[in-house]
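Chemist: Numbering (the numbering used here), first residue to last: 9 to 116.
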């Protein structure tokens, strides 16, 4: 059963200031490991995309959550999110100065 659909869009340049501090606040340890393997511009895209995705998830959930409650990892180059009791379908895109994410949350 679908419990919610979420969408969020952000300007990538918004993450230029305080990139390191935002990465520590928004990303899990595993997400940070991947973040630090990227060049500066790709880091901004990754951070903005993950922020948008987590915001979209929070909007779609049927309970109060925090961004830090979710970890977005990758399998076969596709983003995956695990949350006990839920199946979360996610898509993240970047275009020039924007990052956008769509999410569908289902109860398992």
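The beta-carbon is built from N, C-alpha and C at its ideal position, and this holds for glycine as well.
It should be emphasised that the depicted structure is a prediction, and the values quoted were computed from it without experimental measurement.
1. Does the separation of the CB atoms of residue 100 and residue 89 fall below 7 Å?
2. Can you tell me the Cα-Cα spacing of residue 56 and residue 32, whole angstroms?
3. Kindly indicate which three-state DSSP category residue 77 falls into: helix, strand or coil?
4. Just mark residue 74 as buried or exposed, buried being the case when its beta carbon has 16 or more other beta carbons within 10 Å.
5. Check each candidate in 85, 71 and 109 and name the one with the smallest Cα separation from residue 11.
6. Measuring alpha carbon to alpha carbon, tell me which of 62, 26, 108 and 24 ends up nearest residue 39.
7. I need the DSSP call for residue 33, collapsed to helix, strand or coil.
8. Beta carbon of residue 108, beta carbon of residue 60: below 7 Å?
Modeler: In brief:
1. Along the chain shown, read from residue 1 onward, the residue named residue 100 stands at position 92. Along the chain shown, read from residue 1 onward, the residue named residue 89 stands at position 81. Between residue 100 and residue 89, the CB-CB gap reaches or exceeds 7 Å.
2. As a working mapping, residue 56 is identified with position 48 in the chain shown. As a working mapping, residue 32 is identified with position 24 in the chain shown. About 13 Å.
3. By one-based count along the chain shown, residue 77 stands at place 69. Residue state, collapsed to three classes: helix.
4. The residue labelled residue 74 in the question sits at position 66 within the chain shown. Exposed is the call here.
5. The sequence position of residue 11 within the chain shown is 3, counting from 1. Of 85, 71 and 109, the smallest CA-CA separation from residue 11 is found for 71.
6. For the purposes of this step, residue 39 is taken as the residue at position 31 of the chain shown. Residue 62 is the option with its Cα nearest to residue 39.
7. Reading the chain shown from its first residue, position 25 is the one you call residue 33. In the structure shown, residue 33 sits in a helix (DSSP, three-state: H, G or I).
8. Translated into the one-based positions of the chain shown, residue 108 becomes position 100. Translated into the one-based positions of the chain shown, residue 60 becomes position 52. It is a contact, given that the beta carbons lie within the stated cut-off.
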